[in-house]
Amino acid sequence: MKVSRFSALVTVIVLVAGLFFGSPFVALLKSFTVADGFSALLNYQVLAVVGTSLLTALAATGLAAVVGTVLGYYFTFHKQTGSRWLKTFFSLPLVLPPSAAGYMLLLAFGRYGLIGAPLYHTFSVQIMFTLTALVLAQFFVVMPLMMQAASSAFQQVPGSLVKASHSLGADEYTTFIKVLLPLSRPVLVAGVITAFARALGEFGATMMVAGRLKTIPIMIYVKAMGGDAGVADGLSLLLVLLSFMILLLVNFIGEKR
Amino acid sequence: MALILENVSLAIERNLILEQISFEVPIGQVLVILGNSGAGKSKLLEVVAGLIGNQSGKIIFGGEDLSQLTPQARKIGFVFQDYALFPHMTAAENILFGLKSRQAPTTEQKRWLKLVAAELKIDHLLSRFPAELSGGQQQRVALARCMVLRPEILLLDEPLSALDAASRERLVMLMKKIQKKYRVTMLYVTHDHNEARFMGDQIMVVDQGRVIQTGPPEEIFARPVSRFVAHFTATRNILPGRIQEHLEAGQALVEVAGSLLLSTSCQVASQDVWVCIRPEHFSFVDETAPASPISSISDDPVAAESAQTTDNIISGYRISQILPQSGATVLIELMNRGARLLVFASNRRVVEQNLNVGSQVEILVAAEHVHCLPRQPDDIYCRPE
Chain D
1 MKVSRFSALV
11 TVIVLVAGLF
21 FGSPFVALLK
31 SFTVADGFSA
41 LLNYQVLAVV
51 GTSLLTALAA
61 TGLAAVVGTV
71 LGYYFTFHKQ
81 TGSRWLKTFF
91 SLPLVLPPSA
101 AGYMLLLAFG
111 RYGLIGAPLY
121 HTFSVQIMFT
131 LTALVLAQFF
141 VVMPLMMQAA
151 SSAFQQVPGS
161 LVKASHSLGA
171 DEYTTFIKVL
181 LPLSRPVLVA
191 GVITAFARAL
201 GEFGATMMVA
211 GRLKTIPIMI
221 YVKAMGGDAG
231 VADGLSLLLV
241 LLSFMILLLV
251 NFIGEKR
Chain W
1001 MALILENVSL
1011 AIERNLILEQ
1021 ISFEVPIGQV
1031 LVILGNSGAG
1041 KSKLLEVVAG
1051 LIGNQSGKII
1061 FGGEDLSQLT
1071 PQARKIGFVF
1081 QDYALFPHMT
1091 AAENILFGLK
1101 SRQAPTTEQK
1111 RWLKLVAAEL
1121 KIDHLLSRFP
1131 AELSGGQQQR
1141 VALARCMVLR
1151 PEILLLDEPL
1161 SALDAASRER
1171 LVMLMKKIQK
1181 KYRVTMLYVT
1191 HDHNEARFMG
1201 DQIMVVDQGR
1211 VIQTGPPEEI
1221 FARPVSRFVA
1231 HFTATRNILP
1241 GRIQEHLEAG
1251 QALVEVAGSL
1261 LLSTSCQVAS
1271 QDVWVCIRPE
1281 HFSFVDETAP
1291 ASPISSISDD
1301 PVAAESAQTT
1311 DNIISGYRIS
1321 QILPQSGATV
1331 LIELMNRGAR
1341 LLVFASNRRV
1351 VEQNLNVGSQ
1361 VEILVAAEHV
1371 HCLPRQPDDI
1381 YCRPE
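Quick note, the sequences are listed as chains D and W, same order. Residues 1 to 257 in my numbering are what the first sequence spells out, letter by letter. Residues 1001 to 1385 in my numbering are what the second sequence spells out, letter by letter.
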């Protein structure tokens, strides 16, 4: 069988990409030893970090699910002059370097920040370097993902169904709850899962606002830099497995649709 | 008491979609809106339903101005072209959606569901989801969903366009029956002239967001005001002609396709005209029939009756094609030195009069069915399809 030049080129690129993307995973598996990994993971400090990560990622995802869905709805059904600019603005964290996002959050919510200062001086509330800061940083980064998922979910609902709902006497809220949400559920659920995975893995922005607190990605960084390969390996593998399962779940939902 | 639109205009992103639309439909009557795709028909329905809000002009029903009311407050039912049934709800849930949104008591919901389902013969489909229903069944459910709300106005946007011929026929009868029974005022959008003729008490022809002609079906079909309307209402013979002599009150002698015809529908000042003759208004002269002043055979009773009065006889044409049509009719193409006429006849007539390709025939057309429209001398010849 004659193989065309193009097919050969495609095969080569696939192989090289496979090597490049596969090598970190292979290296991680090679570095990881079951005994060391488990003993490092079953440490109280490490388990607390895993708990913090899961807790903050869940909170940030919940917040993003609500706000992202509402913003997605707004930008789909309430298009006005300037909507495009506003949507672009809300999408900025998708492409913004996370460290810049974290720095900007510090400027806004730090003790001397735009909002942080009055909060601190009026209510003695400090946001930075607390669990709330971690949640806000993760929310800041993952909300646009949820907004885009919701936007595309609502756009897929035929316009005539929304019009039919209104013509049958349903107000905007009833139409949202009874028609739009049920018909968009699979895409919204996929959006929530993706947002959770992204929040769990968020590093840059979280790092800037974490203070002494640690999440899994921060712990991996600290341990890797400090030469504690056991914990870094174990936590990395945990994240890889979690991410892999989440992607599988998203694909499964996509296929089910 | 009527549904009245006064100078309704609509612009979307600086494009004028509807321009100064005005009409009046007496309560309990049907106005069919006939026009091409993109003519603004569906948008007009959406404006009446309040689904598009930024129009100008007034929409008045029973003396009340609806323009400022929300869609929920208008008591209008809307049947969409794609039925717009909620795919995640059963037929029953779809039908009850409006009543539940209006928080109607459960007993009332059950009573109306039973009543309307029986009326539309969908009792056995209530537990099915839309994906499990045929197009015709979906359309019945969509209609039921509107009818349970007892709307004062029913808007139907090409409700039969996605259905096969048999389902279309059944549903059009059903809709007419329901409309008559409940005396609901109806705006019915279609691009099908047969549907328009059957459903409409009045027909409004629209093109590019403007009203071209409004009137009873017989007037729209017999006396179109423009070549567009003539073409759209399936006047298959639109021929260039020239007035030879103006007679009294709208009568004229017109030269068309090599024949001189008397027209009693010729209110045209210019000499050059388009002559419109519907294919069903011709009848073949039966040479085998007993002698009479003018012997005519027509499948159309109107044409047959008029043939006894003021008929034009057209000679010198040969049959070039006989094309089967739906029902027991054929479309016959007649040619005479490049001039072409299209004539309807029943299969029975074709056999009885031995009409074959190549036969030379004489045809009749009543003077009142020869309708003239003004024509610019440089208008291109519009060859019938």
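Backbone N, C-alpha and C define an ideal beta-carbon position, used for all residues, glycine too. The structure displayed is predicted, hence computed values, not measured ones.
One question on the structure: do D:Thr61 and D:Asp233 come within less than 9 Å of each other, judged by their Cβ atoms? no
Who are W:Val1256's beta bridge partners in DSSP? W:Gly1241 and W:Ser1259
Hey, is W:Leu1018's beta-carbon within less than 9 Å of any beta-carbon in chain D? no
Measuring only between beta-carbons, confirm whether D:Pro182 sits less than 9 Å from chain A. In the structure shown, chain A does not exist; the protein chains are D and W.
For W:Gln1353, which of helix, strand or coil comes out of DSSP? coil
What does W:Ser1346 pair with, by DSSP beta-bridge criteria? W:Thr1329
Distance check for W:Phe1061 and W:Gly1077, CA to CA, integer angstroms please. 14 Å
I'd like to know if the stretch 1045-1052 of chain W and the stretch 1069-1076 of chain W are in contact, where contact means that at least 3 CB-CB pairs between them fall below 8 Å. yes
With 9 Å set as the bound, which would you pick, yes or no: does the beta-carbon of D:Tyr174 sit closer than that to a beta-carbon of chain W? Residue identity differs from the one stated: residue 174 of chain D is Thr in this sequence, not Tyr. Yes, contact with chain W.
Output the distance between the C-alpha atoms of D:Gly113 and D:Tyr103, rounded to the nearest integer angstrom. 11 Å
Residues of chain D with a CB under 8 Å from the CB of W:Phe1097: which are they? Ser165, Leu168, Ala170 and Lys178
Pick out the complete alpha helix (DSSP H) segments inside the stretch 29-84 of chain D, 4 residues or longer, and give them in chain order. 34-41 and 44-77
Can you find a CB in chain D that lies within less than 9 Å of the CB of W:Ile1220? no
9 Å is my cut-off, CB to CB: does D:Pro158 come that close to chain W? yes
Among W:Gly1098, W:Asn1094 and W:Leu1156, whose alpha-carbon lies nearest the alpha-carbon of W:Ser1042? W:Leu1156
So for W:Met1335, helix, strand or coil by DSSP? strand
Can a CB atom of chain W be found closer than 9 Å to the CB of D:Leu161? yes
W:Ala1345 at chain D interface by Cβ criterion, 9 Å: no
D:Phe170 and W:Ser1101: beta carbons closer than 9 Å? Sequence check: residue 170 of chain D is Ala here, not Phe. Taking 9 Å as the Cβ cut-off, D:Ala170 and W:Ser1101 qualify as a contacting pair.
Tell me which same chain residues have a C-beta within less than 6 Å of the C-beta of W:Arg1128, skipping the five on either side of it? Ala1091
When we look at the beta-carbon of D:Lys87 and count the other beta-carbons within 10 Å, is it buried (16 or more) or exposed? buried
Between the alpha carbons of W:Ile1153 and D:Gly68, how many angstroms are there, rounded? 39 Å
The beta strand (DSSP E) spanning W:Arg1318 covers which residue range? Asp1311 to Pro1324
Counting only beta-carbon atoms, is W:Cys1146 nearer than 9 Å to chain D? yes
Run through DSSP, which three-state label would D:Met128 get? coil
Neighbouring residues, chain D, relative to W:Pro1071 (Cβ below 7 Å): His166 and Ser167
Expressed to the nearest angstrom, what Euclidean distance is found between the alpha-carbon atoms of W:Gln1267 and W:Val1285? 29 Å
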